[in-house]
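When the letters of the sequence shown are read in order and numbered with our numbering, they come out as residues 17 to 1151. For glycine and all other residues, C-beta sits at the position ideal for the given N, C-alpha and C. Model, not experiment: these values are computed from the prediction.
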Amino acid sequence: MDFFSIDPFAPPTNETLERNLDALSRTSPQAAKLIRAARPREDLELVELESGVWTGAFSDGRRLASARSPITEAERLADTVDVTESAGVCVVGFGIGTHLQLLAERMKKSGVVMCFEPDIALLRAVFEKVDHSKWMLATNFVLLTDPDDGAAISRALSGLEGIIALGVKLIDHPPSRPRIGETGTRFGQRFADVLKAFRTAIVTTLVQSETTLTNLLMNLDHYAHSPGINDLRACALGFPAVIVSAGPSLARNIEVLSRSGVRERVIIICVQTVLKTLLARGIRPHFVCALDHHEISRRFYEGLTPEDVQGVTLVVEPKANPAILDAFPGAIRCIGDELLESIVAEAGLAWQARDTLKPGATVAHLCHYLARYLGCDPVIYVGQDLGFTDGQYYAAGAAIHDVWACELNEFTTLEMREWERIAREKSLLRAREDVFGRRIYIDEQMATYLAQFEADFAADAEAGLRVVDATEGGVAKQHAPAMSLADAIEQFGASSPAFIPSSQPVRHDPNTLAMLKSRLIRIRQDARRVNLLSRDTVRLLKKIRRSGGDVQRINSIVERVHRIRDEVTQLQPAFRLSQFLNQAGTLNRVRADRAINLDTNASPLDQQLQRTERDIRNVEAIAESAQQLCSLLDEAAGVFDGTPKRTRDQITAHRNAKLSRRRVAAVLHIDFEQGGLGTLRSIDNDGIAGMCPVRLTVARLLSARRLREIVCLTDDEPRLRAALGELADRVCYAPLDLDRFRARTRVIGAARRFSASSWRGGIAGLTCFDELFDPWQLQKIMERRNLDAAVLVGPDWCLVDPSLVDAIVERHLEHPDALRLTFTQAPPGLCGVLVDRSAATTLGQNIASAGTFATIGALLGYVPFAPQSDPIARPMCVQIPPSVRDLAMRCIFDTPHARAQITQAVHALDPVHADASALADALRHNRLRPVLPEHVILELSARPRGGLWGGWLGQGRSMEEPALMPTEAALSIINTMGPVSTLTLHGMGDPLDHPALGEIIAAARSRGIATHLRTMCSTELTAPLSDLDVLSVDVLAAGSETYQHLTGQDAYDRVRERVERMMQERNERAGELGLALPWIVPRITRCDESCEHIEAFYDGWLMAGGCAVIDPRPSIDPAARIQPLPLPGVARERN
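Right, here's the structure in full:
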């Protein structure tokens, strides 16, 4: 019967519900769909009061709103939000919705009101009775229902970035708080993560606008010559892509990637940080992606040749640092960019517009978008931990390990550096659960990246595309089911290779470069015109401000302003580029517009004046941006004439002129007999090219352009003048308390002798710079001579590079209030450190109380109570060529071996003017083997230790070996060692087992050998504590249960108390220097059993004694989850 058209199973139509759902569907379609499909709660009674306001309660008495005054209650909550300060508000709890209505009416369209409500049945019940459609349509309202769905939150916020930038407030609806409970807390955390992701993107855009445009202009040559990505579209349709990131879990998958035939079955796309790791394993990714702004990224391509990257294409966002594109030796494809297109398209070239990709928050996101552009499905992730798996930041073999290589020794391990890399961000860390249910740290940045990934993965799922998480570690990711890489390749791998259009390195065409330069010059002329017209506009707008409300005069001025506006907007792309630089000004205009719209009390004339003030500030900002654009275009045009590309932010000429008046001097503490290691040497004899070490040092420093003077602290000025000869009158002199200086050097030198060739990485993080000075005396001389900053150099640093000295001074002068300490990673002896007076005063005043924390090492290292990101990746570190950084030699004239090495290496060079690169090359090519061993490890006992740890130490060893080394043999070995050598007593057995331990230590001490005893300290020390330079104690854990599991002994409390007692005894001798021997170093071995103890152990012992070590596991066990990290090549060669 045709007239019967009603579905008997459909609920009866509810007009109120339909109006609400129609309004909600505009901004929250998924929530509206869920509500439509739900049944209303039956335990809820809703009542409309006489005032027309609704209230309600559950059958158990819990209320949704006040029974008598729901509007007053809602107003109290709404009053907690200042809508002029917060453009967005997110309320946890919908309740009846009256509080949301009030917020929406106040916010209007100028902001966004969000609400989290997980009870869909409650929403259905409310929406059937209470009409919220009017206010939902009148504002930007978003309803969220899943506390864990970060993707839904991201979708809800998409397009509202301008509002988010003005501030968002998260509040609870008090009546809903007990009902929602922990679910609301989970939502709040996830909401904060997503919000931070959006804010990060916004702040990056605002703060980095100049850097972004600078990089784009510096990369214009590559952009014009690279083939782009257009021909890659859908070239691998249906092929799986494997995206390789540098997370620690990569070690679990890299073997699978290296298997024969894998590259032919999948498309391999890697992030730049892991490229060299893959190449070292014989894995050639099809693509490597890059987008980093920082020049330090060039390190990921150090040492690569065109042959190394044959078949590997760099796909790069042209806003990446130009150092990346210039460093990569292979084929490059630049992703399309709107700003560069506006420049190149009108340059007279035969040009095809370049395809773009969605901007990547990280390089891994960029890899994902590239994979989808290629047509790949599924996308398989490996190494994308998004967390610090097993207390590790990077995968084994990461490029950063090569950077750290020159710092590594038996007191600074990769395991330490990896943990410190995490702990340096302590304030941003949060604990999560990893895919195996274990505790894992992530930081705020990773949390925001996770939110962005999950939003992308959710969008893929809705489009029918697949994502596989084959990381096998780290945090779980929504919309990305877990699977091993081997299984994923087996299931999804193609049967034959994809055809990927080839690309080759392209030579830059001179005619193309000339046309680009001409184009930049024309745009620069237009930018100058934008600047002038904007300044004219400001003058006219100020006349409006002074018009006194004369409407006729105002209208006349406005007409002139509009004519100028029309002319300016035609000056493209100069105006567009100026606007891009003025992103902060644009945001300020949005903020001003919003304030004007929310001010309902202002008269029309007041609003006109407010808009005039807004426009004056905005046009002034455009004028400044246009002027800034002129400078950038001049600089970019100069690149085509051979000017070096800018790879970092630079100081303005005006500011530079002002700061050049600061007083910066080199300061040398002169000890004629003893060097920074506490060993004997001479600085006024046996020199190079007829100059003694101190004279050559001063001669080289006099070549530095940025030093006002050279100040020598000495207790024997006549002797120093005689050594300097004709240079004597070109330096200044001041008294040195030599006894005090030597007492400090004795302690510092004992620690530094075990890391003498490392610029950093000594015991307690000590640097080569700590060998050079006494903080108290430095503070005094800087005050006396009114120095703003001092460059510390040793009198035997006769290879110090004056150009590097100038570089650290210039870096300090760029931002002296922020860059109070500047340095390089040069090997000891090639460059000093700059310390400003404030930092010197802090060190000098706290030397007695702070002890090991009153050092340069502490300022550059990890300190638990004041963690900071690693300075080597911050502006305070001046980047140097890898050939210099990785030299791994002590370039100081303070040992017989160093004197012979330096003398031979520099004989063919200009001793006064040779720079660090030339010196490093000469030293490397003329490397001499030491006549005597520099470091000896003596195993006094081979008696097996108990427990797992004892087994690891003895793995592969024969039990037939003598249990104890004969005393005569030990003494004989010591007698062959030189006075600058170092000795470690350690082995399969504990050295404390040897009855002649005290005699052996005394023999080493009598020869001036720095002695390090490594023991479990399970029995009392038999030798005097004061005879040792370093005492390492394998405490191994932060709890007795794990200690017993590792050692087979129930001795944890006894060992810990013994170490604490020895530290107390040592500290009582520290006196005003704050330091005393021996250095006492608690150690923990990173392994499956102790991994959870590392944070408490490391921070606890650093605070107690100033130093601690995280050791690698002594041997490899394929069954263990945690393996020792492989040493980088530079460290292996040095060892």
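Exercise. Could one say the Cβ of A1039 lies closer than 8 Å to chain D's Cβ atoms, at least one of them?
Worked result: The chain inventory of the structure shown lacks chain D, comprising one protein chain alone.
Problem set entry | Supposed close pair A1019, L980 - CB separation, criterion 8 Å | No, A1019 and L980 are not in contact; Cβ-Cβ is about 16 Å, not under 8 Å.
Exercise. Between the segment 37-49 and the segment 151-165, are three or more C-beta pairs nearer than 8 Å?
Worked result: Counting Cβ pairs under 8 Å, three or more are found: they touch.
Exercise. Which residues in the same chain have their Cβ closer than 6 Å to the Cβ of P709, if we skip the five residues on either side of it in sequence?
Worked result: Cβ-Cβ distances below 6 Å link P709 to I699, G703, D812, C814 and F909 in the same chain, with the five nearest sequence neighbours on each side left out; the list follows chain order.
Problem set entry | Whole-angstrom C-beta distance between R268 and G489, which should lie under 8 Å | 7 Å
Exercise. Does DSSP classify C1123 as helix, strand or coil?
Worked result: coil
Exercise. Excluding the five sequence neighbours on either side, which residues of its own chain have a C-beta within less than 7 Å of the C-beta of D23, listed in chain order?
Worked result: Legend: pLDDT at D23 = 40, less than 50; position of this residue unreliable, no value from coordinates given.
For this session: Report the rounded CA-to-CA distance for S773 versus A916, giving the unit in angstroms.
Result: 16 Å
Exercise. When burial is assigned at 16 or more other CB atoms within 10 Å of the CB, is A1053 buried or exposed?
Worked result: buried
Problem set entry | Beta-bridge pairing of C106 - partner residues as DSSP gives them | M130 and L186
Exercise. Does the Cβ-Cβ distance between E144 and T32 come in under 8 Å?
Worked result: yes
Exercise. Around the C-beta of E1112, are 16 or more other C-beta atoms found within 10 angstroms, so that it is buried, or is it exposed?
Worked result: With the sequence shown as reference, residue 1112 is identified as Ala, and Glu is not the correct amino acid for it. Label assigned to A1112: exposed.
Problem set entry | Proximal residues to A141 (C-beta, below 6 Å), its chain only, five neighbours per side dropped | If we look at A141 and ignore the five residues flanking it on each side, its Cβ neighbours are P56, R57 and L60.
For this session: Identify, in the order they occur along the chain, each residue of the same chain with its Cβ nearer than 6 Å to the Cβ of T695, setting aside the five sequence neighbours on each side.
Result: Correct list, in chain order: V996.
Exercise. Do you know whose CA, among L648, P513, Q520 and E441, lies nearest A543's CA?
Worked result: Taking only the C-alpha atoms, the option nearest A543 is L648.
For this session: Take A1012 and list the residues in its own chain whose beta-carbon comes closer than 7 Å to its own, dropping the five residues that flank it on each side.
Result: T983
For this session: Look at the alpha carbon of I779 and the alpha carbon of H1002, and state the distance between them as a whole number of angstroms.
Result: A direct Cα-Cα distance of roughly 17 Å separates I779 from H1002.
For this session: Output the distance between the C-alpha atoms of R890 and I872, rounded to the nearest integer angstrom.
Result: In a straight line, the C-alpha of R890 is about 16 Å away from that of I872.
Problem set entry | A870 versus A759: straight-line alpha-carbon distance, rounded | 15 Å
Exercise. Any idea if E434 is buried or exposed, counting beta-carbon neighbours within 10 angstroms, 16 or more meaning buried?
Worked result: buried
Exercise. Distance, Cα to Cα, R579 vs A363?
Worked result: 28 Å
Exercise. To the nearest angstrom, how far is it from the Cα of R956 to the Cα of H1061?
Worked result: Note on identity: in this sequence residue 956 is Leu, with Arg being the wrong assignment. Their backbone Cα atoms lie some 25 Å apart in a straight line.
For this session: Might you give, ordered along the chain, the residues of its own chain that have their beta carbon closer than 6 Å to the beta carbon of A343, omitting 5 neighbours on each side?
Result: R314 and Y317
For this session: Consult DSSP for L837 and reduce its assignment to one of helix, strand or coil.
Result: strand
Exercise. Does the beta-carbon distance from N36 to D147 come in below 8 Å?
Worked result: yes
Exercise. Around the Cβ of T88, are there at least 16 other Cβ atoms within 10 angstroms (buried) or fewer (exposed)?
Worked result: exposed
For this session: Please classify G72: does DSSP put it in a helix, a strand, or coil?
Result: strand
Exercise. CB of G564 to nearest heavy atom of the ligand HEM: below 7 Å?
Worked result: Ligands are entirely absent from the displayed structure, and the ligand HEM is therefore not among its contents.
Problem set entry | CB contact flag (R940, L903, <8 Å) | yes
Exercise. Below 8 Å between beta carbons: does that hold for V290 and L320?
Worked result: no
Exercise. With C-beta atoms as the reference, is L729 less than 8 Å away from A750?
Worked result: yes
Exercise. Per DSSP, N156 is paired with what?
Worked result: V128
Exercise. When the Cα of A471 is compared with those of Y385, S518, R721 and A739, which residue comes out closest?
Worked result: Residue Y385 is the option with its Cα nearest to A471.
For this session: Note down, in chain order, each residue of its chain lying with its Cβ closer than 6 Å to the Cβ of A1120, except the 5 sequence neighbours on either side.
Result: Within the same chain, A1120 has no close Cβ partners at all.
Problem set entry | Exposure of I1132, with buried meaning 16 or more beta-carbon neighbours within 10 Å | exposed
For this session: Measure the alpha-carbon distance for A938 versus V922 and round it to whole angstroms.
Result: If I take the Cα positions, the gap works out to 7 Å.
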